[in-house]
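Residue numbers (this note's numbering): 29 to 312.
Here a beta-carbon is modelled for each residue, glycine too, at the ideal position from N, C-alpha and C.
The structure presented is a predicted model; accordingly, all values stated were derived computationally and were not measured.
Now the structure itself:
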């Protein structure tokens, strides 16, 4: 992605982005029944179905992209990358998932945007995990301020996110002010881009994870039975608590070092499979 000057960002924001928002706000949303019909058509190799599913959900990409603004990539570029993630989700969406399409697609949108940020900023400067935590911290601060009427302390934020205060300090330095989606759209239309009933609930994160259980299961099937069990125990993938090397070693009657070696081998296999399936960040 080419480097662009702040002046170019302002030009894009004022012209192309405004025109884009005016266009997509009038695209009608789909009902769950309509999404189900399109998902079946996608499985039947209908080339037009993914496009219809994508167009009806473009406004949600804007909402997600705004959460990652301020890391050196223009908002329009973030939206373009998010749209690619949305298209990937449309191609993969199955009627068997039993969730709204956007619930499934949010994860793909986020990953496409974070990969773009990684390319633009460098993995060492803004790794995907740090970007996710910074976004989560910003959302938590806003939520607590709205609920309690006061700014949460760094100690409270650290406890909620299971981080040290030093880590919270670092994330606060990373965070940038977040633009309001309603402010951008109100200048153009006099109304918000997303109504209350259309918003993606924070609880959707759990639904997104559930929607990907099938994908993760496919990855794990690429391991031997012992490798699979060790990974599941080490990372608590079956709903249990993550176990230490020593605890897993006792279960298999193997040394800590041997368990570590098996785990490392299994992780390399998983990462190789994940790269093929575009799931690297999900595994991380």
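Inset, instruction - Check each candidate in 252, 49, 261, 248 and name the one with the smallest Cα separation from residue 298. - result: What you label residue 298 is simply residue 270 of the chain shown in a count that begins at 1. The residue among 252, 49, 261, 248 with its C-alpha nearest the C-alpha of residue 298 is 248.
Inset, instruction - Output the boundary residues of the alpha helix (DSSP H) element that contains residue 122. - result: Taking the first residue of the chain shown as 1, we reach residue 122 at position 94. Careful: residue 122 lies outside any alpha helix (DSSP H) and carries neither H nor E.
Inset, instruction - Can you have a look at residue 163 and say buried or exposed, based on whether 16 or more other CB atoms are within 10 angstroms of its CB? - result: Working through the chain shown from its first residue, we reach residue 163 at position 135. With 16 or more Cβ atoms within 10 Å of its Cβ, residue 163 is classed as buried.
Legend entry - Sub-8 Å separation of residue 117 and residue 106 beta-carbons: The count along the chain shown starts at 1 and reaches residue 117 at position 89. The count along the chain shown starts at 1 and reaches residue 106 at position 78. No, these two residues do not count as a Cβ contact at 8 Å.
Legend entry - Top-ranked residue by Cα proximity to residue 274, from 268, 283, 266: Numbered from 1 along the chain shown, position 246 holds the residue referred to as residue 274. For the residues 268, 283, 266, the minimum Cα distance to residue 274 belongs to 283.
Inset, instruction - Count the other CB atoms, across all protein chains shown, that sit within 10 Å of the CB of residue 76; report buried if there are 16 or more and exposed otherwise. - result: For this step, residue 76 is matched to residue 48 along the chain shown. Residue environment: residue 76 is assigned as exposed (fewer than 16 neighbouring CB atoms within 10 Å of its CB, all protein chains considered).
Inset, instruction - Could you say if the segment 97-104 and the segment 71-89 meet the contact criterion of at least three C-beta pairs nearer than 8 Å? - result: The segment 97-104, when compared against the segment 71-89, does not touch it at the 8 Å Cβ threshold.
Inset, instruction - Note the first and the last residue of the continuous alpha helix (DSSP H) segment covering residue 101. - result: Numbered from its first residue, the chain shown carries residue 101 at position 73. Annotation: residue 101 is outside any alpha helix (DSSP H) and is labelled neither H nor E by DSSP.
Legend entry - residue 279 in three-state terms, based on DSSP: For this step, residue 279 is matched to residue 251 along the chain shown. If DSSP states are grouped into helix, strand and coil, residue 279 belongs with the helices.
Inset, instruction - Could you tell me the distance, in whole angstroms, from the CA atom of residue 193 to the CA atom of residue 165? - result: Position 165 of the chain shown, counted from the start, is the residue given in the question as residue 193. Position 137 of the chain shown, counted from the start, is the residue given in the question as residue 165. Using only the alpha carbons, I get a separation of about 12 Å.
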